[in-house]
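Going down the list, the sequences are from chains X and C. The opening residue of the first sequence carries number 200 in the numbering used here; numbering runs sequentially from there. The opening residue of the second sequence carries number 200 in the numbering used here; numbering runs sequentially from there. We put the beta carbon where it would ideally sit given N, CA and C, even for glycine. Quick caveat: nothing in here was measured; it's all calculated off a predicted structure. Beneath this line is the structure, given in structure tokens, with notes to follow.
Number of protein chains: 2
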Amino acid sequence: MDDMTLEMPAHGAAGARIASELRDAILTGEQQPGARILQNDLADRHGASRLPVREALRMLEAEGLVTLVANTGAWVSRLSLVECEEMYQMRERLEPLLLRYNVPLLSDEVLDRLTVLADAMESSDDVEQFLRLDREFHLSCYSAAQTSVLGDTVLRLWNRTQHYRRAFTRVFRSEGDRSVHHEHQLLVSAIGGHDIDGAERILADHIRRTRLELARHPDVFDN
Amino acid sequence: MDDMTLEMPAHGAAGARIASELRDAILTGEQQPGARILQNDLADRHGASRLPVREALRMLEAEGLVTLVANTGAWVSRLSLVECEEMYQMRERLEPLLLRYNVPLLSDEVLDRLTVLADAMESSDDVEQFLRLDREFHLSCYSAAQTSVLGDTVLRLWNRTQHYRRAFTRVFRSEGDRSVHHEHQLLVSAIGGHDIDGAERILADHIRRTRLELARHPDVFDN
DNA sequence: TCCAACAGGATTGAATACAATATAAGCAAA
DNA sequence: TTTGCTTATATTGTATTCAATCCTGTTGGA
């Protein structure tokens, strides 16, 4: 043995590493929908050849974050209102199921954290911070159960809609609706009380209400 | 323009073509779960280099049909009973939604076809034929609406569980349970009567019952 | 002025060649 | 005989190179 640090081999992971960084860039909004992605650019920026870049693009295409056209190029994926509504409807069906898997397993520590997050969202006035808190809140609800596909599928739906959730939050928060926070509190207490059916209903309604609000702001999808 | 035949360029589609053939091989059962996939073999068999083969493997990995391990190799994906049950639970939630999208759009021709398929299944005694009919029956229910992710997600769940549905059908059909056929008939009439909520319920129950039967045959997942 | 055909350049797709890694067989020592 | 190490081979990962395709700016004509 050469070394005491257990090191993951740098070989065989170049594509995954590049994909991970590009994914982050898309989720933070640094890369906007519609933006062209050049293979050479990415390769140079990561000091690699175009080959692992192509693999990274394939991975992100599978996640729906990147759109590939043969012989033509890659772009950060756009979403129409109709597509976004479809994904929200999928979330309405899948997230309650995922929550059901998690409720019996969530620790008191996570439950406390949920309360902290819900409170922080109420007093937050920065859009980016709100988005981070909201994402952590919901994903924390799913952090206890080890699922093989359900968790991934839900996470992908979150990622694909991330940009539009940001744009929507900007225009919606100014309207001063408090019911989002109310629903978060209801959800925490239902989870705390191990009321699985109640938690499922609250979560489905929460996502549904957001979808309906989203439909009132189609301008978010212009351009 | 050189030619009147509008030809899709053979360039830029090698990976997709290889993926398509390997996918078929897995779905027909020609390639069994656990089977090793050598890049060189696939490349030689398709008269291509290993590069498009790697892209094909990445695509099938994203679909869950192939499992890749860095620096090691690729195998046809296995499923445990727990994973399979999870996918069936996802189907219980997603397929009713997909059906809801389709019911208002399904033509009389498709409806007639559904009746033919349901009848053919009742009188079929060959497992492979039953599987083909059942797959066509359910996927036909989803053939009218153009969804962007929901349809793909459901199709992938069908594909990932295909092998185990085959194995399960072998042992289950011998038990002579008729309720599957009854549910198919109920579903057709609910769809024909544009009873969306009823159709959703019947379909969810249908999938749920299959999941419970599946759990009674864990031996299907041995080895 | 507008449109179509035509280079030219830029970009992607695939093949070959080489490096890194993992598996397996053989060998030595306990 | 078994265990651990070593070496050989097979397989995968990446870089380099060349070919096919697409986009763009330009030029010629109507």
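Would V281(X) pass as an interface residue toward chain C - the criterion being a Cβ-Cβ separation below 9 Å? Yes, contact with chain C.
Would you call the CB atoms of L330(C) and L413(C) closer than 9 Å? Judged by beta-carbon spacing, L413(C) lies beyond the 9 Å limit of L330(C), meaning their Cβ atoms are not closer than that value.
Check whether the stretch 231-239 of chain X and the stretch 296-310 of chain C are in contact - that is, three or more C-beta pairs closer than 8 Å. A contact is defined here as three or more CB-CB pairs under 8 Å, and the stretch 231-239 of chain X fails this definition with respect to the stretch 296-310 of chain C.
Completely contained alpha helix (DSSP H) runs for the stretch 341-380 of chain C, where each covers 4 or more residues: Counting only runs of 4 or more, we get 349-372.
Per-residue burial, R292(C) [other beta carbons within 10 Å of its own, 16 or more giving buried]: Buried is the call here.
Give a yes or no on whether the minimum CB-CB distance between G263(C) and chain X is below 9 Å. Among the CB atoms of chain X, one or more fall inside 9 Å of the CB of G263(C).
What did DSSP end up calling A224(C) once you bin it into helix, strand or coil? If DSSP states are grouped into helix, strand and coil, A224(C) belongs with the helices.
Three-state secondary structure (DSSP) at A389(C)? Per DSSP, reduced to three states, the secondary structure at A389(C) is helical.
So, are the CB atoms of V348(X) and R359(C) less than 9 Å apart? Yes, the pair counts as a contact, with Cβ atoms nearer than the cut-off.
What's the C-alpha gap between S258(X) and D318(C)? As written in the sequence, residue 258(X) is Met, which differs from the Ser given in the question. CA-to-CA, the gap between M258(X) and D318(C) works out to about 42 Å.
Collapsed DSSP secondary structure at A273(C) in the structure displayed: Three-state DSSP puts A273(C) in a strand.
Name, please, each residue of chain X whose Cβ falls closer than 9 Å to the Cβ of H210(C). The contacting residues are A269 and N270.
Does the structure place the stretch 407-422 of chain C close enough to the stretch 275-290 of chain C that three or more beta carbon pairs sit under 8 Å? Using a C-beta cut-off of 8 Å, the stretch 275-290 of chain C makes contact with the stretch 407-422 of chain C, since at least three inter-stretch Cβ pairs fall below that distance.
Name the DSSP beta bridge partners of T409(X), please? Partner(s): none; T409(X) has no beta bridge.
Cβ-based neighbour list, E417(C), same chain, cut-off 8 Å, excluding 5 preceding and 5 following: The sequence given here places Pro at residue 417(C); Glu does not occur at that position. Beyond the five residues adjoining it in sequence on each side, P417(C) comes within less than 8 Å, by CB distance, of L280 in the same chain, given in chain order.
Per the DSSP calculation, I401(C) is bridged to which residue(s)? DSSP output for I401(C) lists no bridge partner at all.
Is any heavy atom in the ligand GDP found nearer than 8 Å to the beta carbon of V326(C)? The ligand GDP is not part of the structure shown, which contains no ligands of any sort.
Tell me whether E235(C) sits in a helix, a strand or coil according to DSSP, three-state version. Looking at the sequence provided, one finds Arg at residue 235(C) rather than Glu. Of the three classes helix, strand and coil, the one that applies to R235(C) here is strand, per DSSP.
Starting from L278(C), trace the alpha helix (DSSP H) both ways and give me its first and last residue. In the DSSP assignment, L278(C) falls outside any alpha helix (DSSP H), carrying neither H nor E.
Beta-carbon within less than 7 Å of S322(X)'s beta-carbon, same chain only, minus the 5 sequence neighbours each way: which residues are those? The beta carbon of S322(X) is closer than 7 Å to none in its chain, skipping five residues each way along the sequence.
Own chain partners of L385(X) with C-beta closer than 6 Å, once the 5 adjacent residues on each side are dropped: Cβ neighbours of L385(X) within its own chain (closer than 6 Å, five residues either side excluded): I401.
Measure how close the beta-carbons of V387(X) and L332(X) come, nearest whole angstrom, since I'm counting them as under 8 Å. About 13 Å; that fails the 8 Å criterion.
Does the contact criterion of 3 or more C-beta pairs under 8 Å hold for the stretch 205-224 of chain C versus the stretch 300-311 of chain C? The answer is no - the stretch 300-311 of chain C does not touch the stretch 205-224 of chain C, with fewer than three Cβ pairs under 8 Å.
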